[in-house]
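Peer 1: Per my numbering, the sequence shown runs over residues 135 to 454.
All residues carry an ideal CB built from backbone N, CA and C; glycine is no exception.
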Amino acid sequence: MYTINFRTPARRWTAAAAACALVAGPVVLTGAGAAYATEGHGSASAAVLHTGLDVSLLNKTVQVPLTVSLNEVQAPRSAQKTALTATLDGVNHGKPFSVLRAEVADAEATVEGERAEASATLADARLHVPGLPLLSVVEIEAVSSKAVCEAGKNPHASVTLPAAVTVLGKRVSLSAGGPTHVEVPGVGSVRLDLSKTETTSSTAVATALRLEVSVNPAKLNVAEVEGSLTLAESRCEAPAAGEEPQAAAPEAPEQAGDAPAQEEAAVEAQGARAEQAASAETNLAETGGDSATPYVAGGAVALLAAGGGAVLLSRRGRRN
135 MYTINFRTPA
145 RRWTAAAAAC
155 ALVAGPVVLT
165 GAGAAYATEG
175 HGSASAAVLH
185 TGLDVSLLNK
195 TVQVPLTVSL
205 NEVQAPRSAQ
215 KTALTATLDG
225 VNHGKPFSVL
235 RAEVADAEAT
245 VEGERAEASA
255 TLADARLHVP
265 GLPLLSVVEI
275 EAVSSKAVCE
285 AGKNPHASVT
295 LPAAVTVLGK
305 RVSLSAGGPT
315 HVEVPGVGSV
325 RLDLSKTETT
335 SSTAVATALR
345 LEVSVNPAKL
355 NVAEVEGSLT
365 LAESRCEAPA
375 AGEEPQAAAP
385 EAPEQAGDAP
395 AQEEAAVEAQ
405 GARAEQAASA
415 ETNLAETGGD
425 SATPYVAGGA
435 VALLAAGGGA
445 VLLSRRGRRN
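This is the structure:
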């Protein structure tokens, strides 16, 4: 009987634990969904020029880095500066020198709603490196890049290039088949990588022109210049679709509230059956109507018979 009474609360505790688990489960999932919905606002950036040069000086063994940019913007911004100058210790007696001059140099980046877009344009531009004030590394008529990322659509990256450019004073035709190499004796070499575009399911990158430079001007106290120059680069990342978080915001509490209610009702029904079964077992135990009742009754009869026999024997012994 004690065993049956002990099992009944255990079954009630198990049903209650199951109910708590089912109610708590949807709460955890709803929290994870809300955190996921806050991600993916989108981004866009653009730049007319990036430099990554190492400048070696004639009178020193160290290299001086030249890392500058022109019209580098992130959404929501734009810039239209058409000239860039820089100064380096030990170069041109510490005076500013020209890095880029152009008639047009625009960079723009925007993120509006479900669309992120970036673009960069450069026209009638001349690019210089330290030590070559009169000779341009490259002269460009017009280049541009554009990257567009929109939620739910494939990102797009595009580049516009002229048919030819001037590199270290030489007119060079641009080829889409691969990089272009230009060497000038006594000055150095330039490698041009053209029209690089990359896209993924949500991002896009467009680079109009990238130059790998290695020149030895031996002027203005500059022994050698090596590094890279990137022209007209645009990047974007698509925002998350606005429809999903809007739909999830009002419906999530209702779904989270309905599911536990239904599951709790099912658990309550199961618990009610469990309690009914437990009470039935308890009633059987109290009335002796369980599966062990025949054995108990048989044992009682045997004990009564044995007791009666013992009483009769004792009475006969007294009489004798």
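Give me the DSSP bridge partner(s) of His-315.
Peer 2: Against the sequence shown, residue 315 aligns to sequence position 181. According to DSSP, His-315 bridges with Arg-325.
Peer 1: Quick one: does the C-beta of Val-263 sit closer than 8 Å to a heavy atom of the ligand GDP?
Peer 2: This structure does not include the ligand GDP; it has no bound ligands of any sort.
Peer 1: Going by beta carbon distance, what residues of the same chain come within less than 7 Å of Gly-224, once the five residues before and after it are set aside?
Peer 2: On the sequence shown, residue 224 is found 90 positions in, with the first residue counted as 1. Cβ neighbours of Gly-224 beyond the five flanking positions: Leu-191, Lys-194, Val-198, Asn-355.
Peer 1: Is His-175 helix, strand or coil when you go by DSSP?
Peer 2: As a position in the sequence shown, residue 175 is number 41, starting the count at 1. Correct three-state label for His-175: coil.
Peer 1: When the cut-off is 9 Å and only beta carbons count, does Leu-261 lie next to chain D?
Peer 2: The displayed structure is made up of one protein chain only, and chain D is not part of it.
Peer 1: State the DSSP-derived secondary structure class of Gly-224, mapped to helix, strand or coil.
Peer 2: For the purposes of this step, residue 224 is identified with residue 90 of the sequence shown, where counting begins at 1. Three-state result, Gly-224: coil.
Peer 1: Please confirm whether Asp-258 and Val-182 have their CB atoms less than 9 Å apart.
Peer 2: Sequence index remark: in the sequence shown, residue 258 carries index 124 (1-based). Sequence index remark: in the sequence shown, residue 182 carries index 48 (1-based). Not a contact, by the Cβ cut-off of 9 Å.
Peer 1: With a 10 Å radius around its C-beta and 16 neighbouring C-beta atoms as the bar for buried, classify Gly-519 as buried or exposed.
Peer 2: Residue 519 is absent from the structure shown; the chain starts at 135 and stops at 454.
Peer 1: Within a Cβ cutoff of 7 Å, which residues of the same chain sit near Arg-211, ignoring the five residues on either side of it in sequence?
Peer 2: Taking the first residue of the sequence shown as 1, we reach residue 211 at position 77. Excluding sequence neighbours, Arg-211 sits near Ala-243.
Peer 1: Please list the segments of the beta strand (DSSP E) lying wholly inside the segment 222-267, counting only runs of 3 or more residues, in order along the chain.
Peer 2: Counting whole runs of 3 or more residues, the segment 222-267 contains the beta strand (DSSP E) stretches 231-246, 249-261.
Peer 1: Determine the closest residue to Ser-292 out of Thr-300, Val-299, Cys-283, with distance taken between C-alpha atoms.
Peer 2: Working through the sequence shown from its first residue, we reach residue 292 at position 158. Nearest option by C-alpha distance: Cys-283.
Peer 1: Once you ignore the five residues that flank Val-245 on each side, which residues in its own chain have a CB closer than 6 Å to its CB?
Peer 2: To locate residue 245, count along the sequence shown from 1; it is residue 111. Around Val-245: Gly-176, Ala-178, Ala-209.
Peer 1: Which value, in whole angstroms, describes the spacing of the CA atoms of Lys-229 and Thr-221?
Peer 2: Stepping through the sequence shown from its first residue, residue 229 is reached at position 95. Stepping through the sequence shown from its first residue, residue 221 is reached at position 87. Taking the straight line joining both Cα atoms gives about 6 Å.
Peer 1: Here's the rule I'm using: 16 or more other beta-carbon atoms within 10 Å means buried, otherwise exposed. How should Val-271 be labelled?
Peer 2: Here residue 271 refers to the residue found at position 137 when the sequence shown is read from its first residue. Counting Cβ neighbours within 10 Å, Val-271 comes out buried, since at least 16 surround it.
Peer 1: My guess is that Val-238 and Thr-219 are in contact by the Cβ rule of under 8 Å, so how many angstroms apart are they, rounded?
Peer 2: Position 104 of the sequence shown holds residue 238. Position 85 of the sequence shown holds residue 219. Not confirmed; about 18 Å, so no contact.
Peer 1: With DSSP collapsed to three states, give me the class of Leu-354.
Peer 2: Looking up residue 354 in the sequence shown gives position 220. The answer is coil: DSSP assigns Leu-354 none of H, G, I, E or B.
Peer 1: Assuming Val-293 is part of the beta strand (DSSP E), what are its boundary residues?
Peer 2: Taking the first residue of the sequence shown as 1, we reach residue 293 at position 159. That run of the beta strand (DSSP E) goes 290-294.
Peer 1: Alpha carbon to alpha carbon, what distance is there between Val-349 and Pro-289?
Peer 2: Along the sequence shown, one-based indexing puts residue 289 at 155. Along the sequence shown, one-based indexing puts residue 349 at 215. When rounded, the distance between both Cα atoms is 38 Å.
Peer 1: Have a look at the DSSP bridge pairing and note the partners of Lys-280.
Peer 2: If you number the sequence shown from 1, residue 280 lands on position 146. Paired residue(s): Ser-253, Ser-292.
Peer 1: To the nearest angstrom, report how far apart Ala-285 and Arg-325 are at their CA atoms.
Peer 2: Position 151 of the sequence shown, counted from the start, is the residue given in the question as residue 285. Position 191 of the sequence shown, counted from the start, is the residue given in the question as residue 325. Cα to Cα, the separation comes out at about 37 Å.
Peer 1: Throw me the rounded Cβ distance for the Val-277 and Leu-295 pair, which I believe falls under 8 Å.
Peer 2: The residue you call residue 277 lines up with position 143 of the sequence shown. The residue you call residue 295 lines up with position 161 of the sequence shown. With a Cβ gap of about 6 Å, Val-277 and Leu-295 count as contacting.
Peer 1: Please report the residue range of the beta strand (DSSP E) in which Leu-302 lies.
Peer 2: The residue you call residue 302 lines up with position 168 of the sequence shown. Unbroken run through Leu-302: none, as it is neither H nor E.
Peer 1: Please work out which residues of its chain come closer than 6 Å, Cβ to Cβ, to Lys-353, disregarding the five sequence neighbours upstream and downstream, and give them in chain order.
Peer 2: Locating residue 353 in the sequence shown gives position 219, counting from the first residue. Hits under 6 Å: Gly-265.
Peer 1: Excluding the 5 residues flanking Val-263 on each side, which residues of the same chain have their C-beta closer than 7 Å to its C-beta?
Peer 2: Residue 263 sits at position 129 when you count from the first residue of the sequence shown. Here the set comprises Leu-187, Val-271, Val-347, Val-349, Val-359.
Peer 1: Who pairs with Gln-208 in a beta bridge, going by DSSP?
Peer 2: As a position in the sequence shown, residue 208 is number 74, starting the count at 1. Beta-bridge pairing links Gln-208 to Ser-179.
Peer 1: Is it right to say Asn-417 is buried, meaning 16 or more other beta carbons lie within 10 angstroms of its own, or is it exposed?
Peer 2: Here residue 417 corresponds to residue number 283 of the sequence shown, with the count starting at 1. Confidence is the limiting factor: at Asn-417 the pLDDT is only 46, short of 50, which leaves the residue's position unreliable, though a coordinate-based value still follows. With fewer than 16 Cβ atoms within 10 Å of its Cβ, Asn-417 is classed as exposed.
Peer 1: Please classify Ala-298: is it buried, with 16 or more other beta-carbons within 10 angstroms of its beta-carbon, or exposed?
Peer 2: If you number the sequence shown from 1, residue 298 lands on position 164. Classification for Ala-298: exposed.
Peer 1: Specify, as a first and last residue, the run of the beta strand (DSSP E) that Val-196 falls within.
Peer 2: Your numbering for residue 196 matches position 62 in the sequence shown. Per DSSP, Val-196 belongs to no beta strand (DSSP E) and is neither H nor E.
Peer 1: Am I right that Val-338 and Ser-253 are in contact with their C-beta atoms under 8 Å? What's the rounded C-beta distance?
Peer 2: Residue numbering aside, residue 338 sits at position 204 when the sequence shown is read from its first letter. Residue numbering aside, residue 253 sits at position 119 when the sequence shown is read from its first letter. It should be pointed out that residue 338 corresponds to Ala in this sequence rather than to Val. Going by Cβ atoms, the distance from Ala-338 to Ser-253 rounds to 12 Å, so no, they are not a contact pair.
Peer 1: Using the three-state DSSP reduction, which class does Ala-217 fall into: helix, strand or coil?
Peer 2: Locating residue 217 in the sequence shown gives position 83, counting from the first residue. Reduced to three states, the DSSP call for Ala-217 is strand.
Peer 1: Assuming the contact rule is C-beta atoms closer than 8 Å, Val-207 and Thr-185 should be a hit. Round their C-beta distance to whole Å, please.
Peer 2: Within the sequence shown, the letter at position 73 stands for residue 207. Within the sequence shown, the letter at position 51 stands for residue 185. With a Cβ gap of about 17 Å, Val-207 and Thr-185 do not count as contacting.
Peer 1: Taking the Cβ atom as the reference point for each residue, do Leu-365 and Thr-331 lie within a distance shorter than 9 Å?
Peer 2: For the purposes of this step, residue 365 is taken as residue 231 along the sequence shown, with counting starting at 1. For the purposes of this step, residue 331 is taken as residue 197 along the sequence shown, with counting starting at 1. Not in contact: Leu-365 and Thr-331 (Cβ atoms no closer than 9 Å).
Peer 1: Which residues bound the beta strand (DSSP E) around Val-349?
Peer 2: Stepping through the sequence shown from its first residue, residue 349 is reached at position 215. Start and end: 337-349.
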